[in-house]
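A.B. asks: Mature numbering (1 follows the signal peptide of the UniProt record, and there is no 0) puts the sequence shown at residues -18 to -1, 1 to 315.
We put the CB at the ideal spot given by N, CA and C, even for glycine.
Note that the coordinates shown come from a computational prediction; the quantities given were computed from them, not determined experimentally.
My structure is below; once you've seen it, I'll send some questions.
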Amino acid sequence: MVLLVFFLMLLSCRRIYCLTRAVLEMLKYLQYGKLYFQWKLWYKDDKNSKHCVKGITFGRRGNKLDLYYSPSMDNSDAAPVPVVIFVYGGAWGSGERSIYCLLALQMAKELNASVICPDYSIYPKGNVLNMVQDICDSLLWVRERGQTFNLDKDNIVLMGHSAGAHLCALTTLFLVNSPEELFIEVHKQRELVSAIKGNIGLSGVYNIMDHYKHEKMRGVEYVSTMHKAMGGLENFDYYSPTSLLKKLNEDQLKRVPPVVLLHGTSDIIVPVESSVRLSDLLTSLSIRMSLHLIPKMNHTEMVTDLMAPDRHFYHTVFGCIKHEYSKFQGYVA
Ligand SMILES: *[C@@H]1O[C@H](CO)[C@@H](O)[C@H](O)[C@H]1NC(C)=O
Ligand SMILES: *[C@@H]1O[C@H](CO)[C@@H](O)[C@H](O)[C@H]1NC(C)=O
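In structure tokens, the structure reads:
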């Protein structure tokens, strides 16, 4: 009996220790002091309105998006410009589009594309299905309203980080499957998929059960919003891109756009195996894909380092993204 109590005490200590560590990790996020003020100031400064339009309402839930102009927009009679939709992460329960203004700005410059950064209905405002619907709505917005901003409605790349990478992959696979629960007409869903030229996943989660096990190991599954956003364990499979892929038929598999995966090898929040497993599966299904493992990079650096050219991994990550993006655009064989 005494032994048992002692054992239970040990267990709960471990849990508290793990929880504390999770909170510390979150605090580290705020430690990017300089960047924090840089983005706050940039976003507030009215002079920057020449680079972007902020707060455009879109979709069925009235979420907002920011649009960052491609550098080629100065030339008013230029051809329609390609679009990148960047979906931020935050464990399906946090995040906000303004944080990514510097990233979106650099992305627009590096890729010579317009970048859209949408908010979506994070938990508890919405569940994962609502989030997928919101990403679909941002795609629909480009197709239906994009010409006002000279956007090319047939040339959209979806890019996401962490939970955002999961949502991009899930949105694409849902659209390939045309389920009724998106509440979008089937022919429109087909058009949306064919407008997606590629999917770029940064440090993404692609199998919810695997990730849940990882959260448990870190002792953060109770503070994590993931299982709640998914509506419980019974839905983990349904909302896992890896499981959905296995259920697609030949015709559907052919319509899956090419995939690019990037992941840092020092990522402890989402382990690199997540991208490696997805890449193995995609390869076995003959879906075009590339995997880039970036030595020593962690989970947050994947986005913070895209915010300014003087950051450590800026050139490494943008080097990969630019190369892969030009393949999507057909510039490189
Ligand atoms: C940028 O894209 C525009 C069209 O969107 C194109 O006209 C221009 O040549 C491109 N610039 C570069 C440097 O590739
Ligand atoms: C990632 O690396 C940066 C820089 O080395 C560090 O400041 C940060 O705390 C790390 N973040 C995590 C979550 O490990």
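Select from Asp48, Met289, Ser52 the residue whose C-alpha is nearest the C-alpha of Ser120.
C.D. replies: Considering only alpha carbons, the answer is Asp48.
A.B. asks: When DSSP labels each residue in this structure, what does Met271 get in the three-state scheme?
C.D. replies: Three-state DSSP puts Met271 in a strand.
A.B. asks: By alpha-carbon positions, which one of Ala73, Val175, Phe131 ends up nearest to Leu235?
C.D. replies: For Leu235, the nearest C-alpha among the options comes from Val175.
A.B. asks: How long is the line joining the alpha carbons of Asp134 and Tyr50, rounded to whole angstroms?
C.D. replies: Distance between the alpha carbons of Asp134 and Tyr50: 14 Å.
A.B. asks: Please report the distance separating the alpha-carbon of Val238 from that of His169.
C.D. replies: Each residue's alpha carbon lies about 16 Å from the other.
A.B. asks: Got a sec: does ligand 2 put a non-hydrogen atom nearer than 7 Å to the Cβ of Thr247?
C.D. replies: No; taking the cut-off as 7 Å, the Cβ of Thr247 has no heavy atom of ligand 2 nearer than that.
A.B. asks: Taking the Cβ atom as the reference point for each residue, do Leu149 and Ile117 lie within a distance shorter than 8 Å?
C.D. replies: In contact: Leu149 and Ile117 (Cβ atoms closer than 8 Å).
A.B. asks: Look at Ala177 and Ala73 and say whether their C-beta atoms are less than 8 Å apart.
C.D. replies: Contact: no.
A.B. asks: Looking only at DSSP bridge pairs, what is Thr39 linked to?
C.D. replies: Answer by DSSP bridge pairing, in chain order: Lys46.
A.B. asks: Taking 8 Å as the cut-off, decide whether the C-beta atoms of Pro223 and Leu140 are in contact.
C.D. replies: For Pro223 and Leu140, no; Cβs fall outside 8 Å.
A.B. asks: Would Gly186 and Ala147 be called neighbours here (beta carbons separated by less than 8 Å)?
C.D. replies: Cβ distance < 8 Å, so Gly186 and Ala147 count as in contact.
A.B. asks: Is it the case that the Cβ atoms of Ile269 and Val241 are separated by a distance below 8 Å?
C.D. replies: For Ile269 and Val241, yes; Cβs fall inside 8 Å.
A.B. asks: Cβ of Asn231 versus every heavy atom of ligand 3: is any distance shorter than 7 Å?
C.D. replies: This structure simply doesn't include ligand 3; it includes ligand 1 and ligand 2 instead.
A.B. asks: For Gln88, count the other beta carbons within 10 Å of its own beta carbon; 16 or more makes it buried, fewer makes it exposed. Which is it?
C.D. replies: Flag for Gln88 reads buried.
A.B. asks: What is the residue span of the beta strand (DSSP E) that Ile178 lies within?
C.D. replies: 178 to 184 is the span of the beta strand (DSSP E), which, as asked, contains Ile178.
A.B. asks: Who are the near neighbours of Leu84 in its chain, counting only those whose CB is closer than 7 Å to its CB and skipping five residues on each side?
C.D. replies: Hits under 7 Å: Gln20, Trp21, Trp24, Met289, Ala290.
A.B. asks: Given a cut-off of 8 Å on the beta-carbon distance, is the pair His143 and Val285 in contact?
C.D. replies: In contact: His143 and Val285 (Cβ atoms closer than 8 Å).
A.B. asks: According to DSSP, simplified to helix, strand and coil, what is Pro106?
C.D. replies: Looking at Pro106 - three-state DSSP - the assignment turns out to be coil, as it is neither helix nor strand.
A.B. asks: Check whether the region 59 to 69 touches the region 31 to 45, taking contact to mean three or more Cβ pairs, one atom from each stretch, closer than 8 Å.
C.D. replies: Output reads no: the region 31 to 45 does not touch the region 59 to 69.
A.B. asks: Is any non-hydrogen atom of ligand 1 found closer than 7 Å to the C-beta of Asn137, if you look at the structure I gave you?
C.D. replies: Checking the Cβ of Asn137 against ligand 1 gives no.
A.B. asks: Does the Cβ-Cβ distance between Leu263 and Leu227 come in under 8 Å?
C.D. replies: Cβ distance < 8 Å, so Leu263 and Leu227 count as in contact.
A.B. asks: Assuming Met271 and Ser261 make a contact with CB atoms under 8 Å, what is their CB distance in whole Å?
C.D. replies: Going by Cβ atoms, the distance from Met271 to Ser261 rounds to 6 Å, so yes, they are a contact pair.
A.B. asks: For Tyr132, which of helix, strand or coil comes out of DSSP?
C.D. replies: This sequence places Asn at residue 132; Tyr is not what is there. The answer is coil: DSSP assigns Asn132 none of H, G, I, E or B.
A.B. asks: Need the endpoints of the alpha helix (DSSP H) that Phe310 sits in, please.
C.D. replies: Here the alpha helix (DSSP H) through Phe310 covers 296 to 310.
A.B. asks: Tell me the residue span of the beta strand (DSSP E) that contains Pro240.
C.D. replies: Looking at the DSSP string, Pro240 is not in any beta strand (DSSP E), and its letter there is neither H nor E.
A.B. asks: Hey, would you say the C-beta of Val63 is under 7 Å away from at least one heavy atom of ligand 1?
C.D. replies: Yes - ligand 1 has a heavy atom lying nearer than 7 Å to the Cβ of Val63.
A.B. asks: Over what stretch of residues does the beta strand (DSSP E) that includes Val63 continue unbroken?
C.D. replies: Val63 -> beta strand (DSSP E) spans 63 to 69.
A.B. asks: Here's a check: name, in chain order, each residue in its chain whose Cβ is nearer than 6 Å to the Cβ of Cys99, leaving out the five neighbours to either side.
C.D. replies: Once the five neighbours on either side are set aside, the close Cβ partners of Cys99 are Asp48, Phe68, Arg79, Tyr82, Ala86.
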